[in-house]
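I have placed the structure first, in the form of structure tokens, so that the comments after it can refer back to it.
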Amino acid sequence: MAKHPTPEPALQAELSHTLESQTQLGAQQDQLFRAFVASVQDYAVFMLDPRGIVMTWNVGAERIKGYRATEIIGSHFSTFYPDHDTRVRRCEEELEIAITEGRFVDEGWRVRKDGTEFWASVVISAIRDDHQQLVGFSKITRDLTDRRREEHERTARLAAEQANRAKDDFLAMLGHELRNPLAPIVTALELMKLRGDKASKEHEVIERQVTHLLNLVDDLLDVSRLSRGKVELKRRHLDVRDPIAKAIEIAEPLLEQRRHQLEIDVSSDVLMVDADAARLTQVFTNLLANAAKYTDLGGRIWVSAQRAEDDVLIEVRDDGMGIDPALLPRIFDLFVQGYQSSERAVGGLGLGLTLVRTLVELHGGLVSARSAGAGSGSTFTVRLPIIAAPIKRRLTTPPLFAHAANSRKHVLIVDDNEDARMLLADVLESLGHNVITAPDGPEALKLVKAFTPDVAILDIGLPVMDGFELAVRLRAELAAPPRLIALTGYGQQSDRKRTSDAGFDVHLVKPVNLKDLISSLTPKE
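Right, here's the structure in full:
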């Protein structure tokens with residue numbers, strides 16, 4: 312019978328001490344690990360037995376799920392799942408996956424003690440002994456509700472930005488498509504005036520309604536540009552009385568149509584401001600149009616402009632419908648309108664006053680509205696910073712077409728709209744210019760072989776070859792490149808930059824003002 316050697320007493324004592332030390336170290340490490348897990352606050356870390364019963368609980372689990380250890384240990388972990396998940400036995404499915412694959416990883420809704428749901432990241436790992444027998448599961452849960460909300464907000468924000476860009480693109484296209492058919496109508500009306508045709512009532516109606524439609528289109532596009540910060544003011548020192556006078560001139564047909572009495576009280580002193588003349592004209596025109604819309608036939612409208620210390624105060628007052636006190640705080644908000652009957656006697660899109668406020672604030676000014684209520688009329692006050700610099704007054708205003716005959720031009724017109732092309736040619740020929748026309752780029756390139764234009768007026772949205780490509784070809788193929796004028800329904804800042812970058816000298820938006828077109832034929836000195 313074999314004998315096993317017996318260790319020497321000293322060696323045996325050393326071995327026993329080493330074994331005892333290792334056991335104590337293991338217990339200490341295990342204790343430290345348990346303490347670490349128990350103290351973790353950002354994660355719920357706990358153990359399940361093979362059936363899914365909660366066996367341990369840490370501080371993080373209590374914070375995230377709301378249960379104290381004494382309340383939850385001994386309960387099935389399905390307690391943390393929404394009713395639907397429990398009914399479809401999702402908990403058991405997760406454990407099966409963990410057993411088969413070693414662990415289960417997922418994100419989904421979980422339920423706290425108070426019944427509220429939170430979005431959780433979950434990891435369930437199967438735990439086996441040395442003999443690979445299942446002894447339970449570890450489960451780690453993290454609350455990702457804030458991150459999910461931020462992701463959803465970011466996604467919603469991106470979707471909103473994309474929708475906003477799509478809206479802006481649509482409005483730009485809408486403006487282009489509406490301006491194209493309006494362009495020949497406006498040109499025809501201008502041609503009638505130029506020829507001295509008798510202006511019939513029908514002509515006046517057409518002119519008023521076309522102008523109204525153009526203003527609506529411009530307001531839509533301006534609201535879109537302003538909301539994206541795409542409007543740049545062309546500031547200069549000017550007498551604020553000039554844009555007021557221009558606005559009155561623009562609004563005069565509407566005031567006459569409704570037989571309003573207009574009273575003007577404007578300071579005799581120069582009222583200098585640093586401003587964009589066109590935008591201030593737009594502000595005052597919208598205020599006058601608003602007063603006209605909400606004032607009964609034959610009513611009265613007052614316009615005043617005076618200095619008030621370091622500001623200029625411009626007021627547009629009427630004795631019309633007035634403003635409901637509940638509406639006053641929102642009167643400058645987008646799409647807000649005053650009283651509307653079922654017949655919609657008062658038209659418009661509810662954009663004018665929004666534009667007024669935005670443009671005035673861009674100038675560093677303030678606008679306010681006041682009214683004593685329905686039937687009491689209303690007053691809109693614009694306050695702008697005044698400047699002390701003097702202004703040189705214009706002695707005369709040049710006639711509309713006074714300079715047109717001074718220089719006869721060879722003009723090429725390229726537009727796929729036959730009516731617009733023909734009428735524009737008639738206008739320029741009546742002023743003494745020599746004009747040829749083409750419906751597209753290839754035809755224009757054929758014509759210029761026998762006709763050298765001084766000026767080329769090109770529609771941008773041409774078929775076959777767009778206006779940009781045609782401009783490049785004309786500059787490349789002609790020994791003396793013509794002055795290039797872009798005539799387009801697109802008028803946003805990005806469109807103007809693109810035509811400028813393509814070499815165009817002038818960018819005009821349809822329907823073009825004939826005074827602007829004629830003056831653009833010759834470079835400014």
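The end of the sequence shown is residue 836 by my numbering, with every number in the run present.
Ideal Cβ positions, reconstructed from N, Cα and C, are used throughout, including at glycine.
Owing to the predicted nature of the structure, the values given are computational and were not obtained by experimental measurement.
Beta-carbon separation (whole angstroms), residue i vs residue j, contact threshold 8 angstroms
| i | j | result |
| --- | --- | --- |
| leucine 785 | valine 759 | 7 angstroms |
| proline 822 | alanine 494 | 4 angstroms |
| glycine 663 | alanine 600 | 6 angstroms |
| leucine 532 | leucine 482 | 6 angstroms |
| valine 775 | aspartate 751 | 5 angstroms |
Span of the alpha helix (DSSP H) around residue i
| i | result |
| --- | --- |
| glycine 778 | 778 to 788 |
| histidine 752 | With the sequence shown as reference, residue 752 is identified as glycine, and histidine is not the correct amino acid for it. Its alpha helix (DSSP H) spans residues 752 to 758. |
| leucine 673 | 663 to 673 |
| serine 838 | Limits of the chain in this structure are 312 at one end and 836 at the other, which puts residue 838 out of reach. |
| lysine 376 | 370 to 376 |
| glutamine 568 | 552 to 568 |
| arginine 379 | Neither: arginine 379 is in no alpha helix (DSSP H) and is coded neither H nor E. |
| isoleucine 410 | 401 to 412 |
| aspartate 353 | Segment: none, aspartate 353 is in no alpha helix (DSSP H) and carries neither H nor E. |
| histidine 387 | Looking at the DSSP string, histidine 387 is not in any alpha helix (DSSP H), and its letter there is neither H nor E. |
| arginine 732 | 729 to 741 |
| aspartate 829 | Before going on, a small fix: residue 829 reads as isoleucine here, not aspartate. Taken as a continuous stretch (DSSP letters only), the alpha helix (DSSP H) holding isoleucine 829 covers 825 to 831. |
Beta-carbon proximity list for residue i, same chain, < 6 angstroms, skipping 5 on both sides
| i | result |
| --- | --- |
| arginine 732 | Ile724, Asp726, Thr748 |
| threonine 452 | Ala355, Ala431, Val433 |
| aspartate 576 | Ser615 |
| glutamate 574 | Trp613 |
| methionine 312 | Low confidence applies to methionine 312: its pLDDT is 49, below 50, so where it sits in the model is not reliable, and the reading given next is rough at best. Same-chain partners within the cutoff: there are none. |
| leucine 455 | Trp430, Ser432 |
| leucine 264 | This structure leaves residue 264 out entirely; the chain is present only between 312 and 836. |
| aspartate 417 | Val433 |
Cβ neighbours of residue i in the same chain (closer than 8 angstroms, five flanking residues each side left out)
| i | result |
| --- | --- |
| glutamine 568 | Arg519 |
| glycine 675 | Leu695, Pro696 |
| arginine 552 | Val577, Ser578, Val581, Leu582, Ala616 |
| aspartate 621 | Pro696, Ile697 |
| glycine 363 | His387, Phe388, Ser389, Cys402, Glu403, Leu406, Phe448 |
| leucine 489 | Leu524, Val528, Gly800 |
Outcome for residue i when other beta-carbon atoms lying within 10 angstroms are tallied against a minimum of 16
| i | result |
| --- | --- |
| leucine 469 | exposed |
| threonine 606 | buried |
| lysine 545 | exposed |
| leucine 828 | buried |
| leucine 608 | exposed |
| alanine 790 | exposed |
| histidine 463 | exposed |
| arginine 719 | exposed |
| isoleucine 438 | exposed |
| threonine 799 | buried |
| aspartate 629 | buried |
| glycine 802 | buried |
| asparagine 597 | buried |
Span of the beta strand (DSSP E), counted from its first residue to its last, around residue i
| i | result |
| --- | --- |
| alanine 749 | 745 to 749 |
| alanine 437 | 428 to 439 |
| serine 689 | 689 to 696 |
| arginine 423 | No beta strand (DSSP E) contains arginine 423, which DSSP labels as neither H nor E. |
| isoleucine 451 | 445 to 454 |
| aspartate 770 | 766 to 770 |
| arginine 398 | From DSSP, arginine 398 is part of no beta strand (DSSP E) but of the alpha helix (DSSP H) over 394 to 398. |
| isoleucine 575 | 572 to 577 |
| arginine 719 | That residue, arginine 719, is in no beta strand (DSSP E); it is neither H nor E in DSSP. |
| isoleucine 642 | Unbroken run through isoleucine 642: none, as it is neither H nor E. |
| serine 679 | 677 to 681 |
| arginine 794 | 794 to 799 |
| histidine 818 | 817 to 820 |
Residue-level contact to chain B via CB, residue i, 8 angstroms cutoff
| i | result |
| --- | --- |
| valine 738 | Among the chains in the structure shown there is no chain B, since it carries only a single protein chain. |
Cβ neighbours of residue i in the same chain (closer than 7 angstroms, five flanking residues each side left out)
| i | result |
| --- | --- |
| isoleucine 698 | His548, Met583, Val584, Asp585 |
| tyrosine 392 | Arg401, Cys402, Arg421, Val422 |
| proline 636 | Gly684 |
| alanine 656 | Interpretation of alanine 656 is limited by its pLDDT of 44, a score under 50 that renders its predicted location unreliable; the figure taken from the coordinates is listed afterwards. None. |
| alanine 782 | Leu769, Leu795, Ala813, Gly814, Phe815 |
| phenylalanine 357 | Val365, Thr367, Trp368, Asn369, Ala372, Lys450 |
| aspartate 730 | Pro495 |
| valine 497 | Val521, Pro822 |
| serine 830 | none |
Residue i: CB within 7 angstroms of a non-hydrogen atom of the ligand ADP
| i | result |
| --- | --- |
| alanine 767 | Looking at this structure, you won't find the ligand ADP or any other ligand, since it has none at all. |
Please list the segments of the beta strand (DSSP E) lying wholly inside the region 579 to 639, counting only runs of 3 or more residues, in order along the chain.
-> The qualifying runs are 583 to 586, 611 to 619, 622 to 629.
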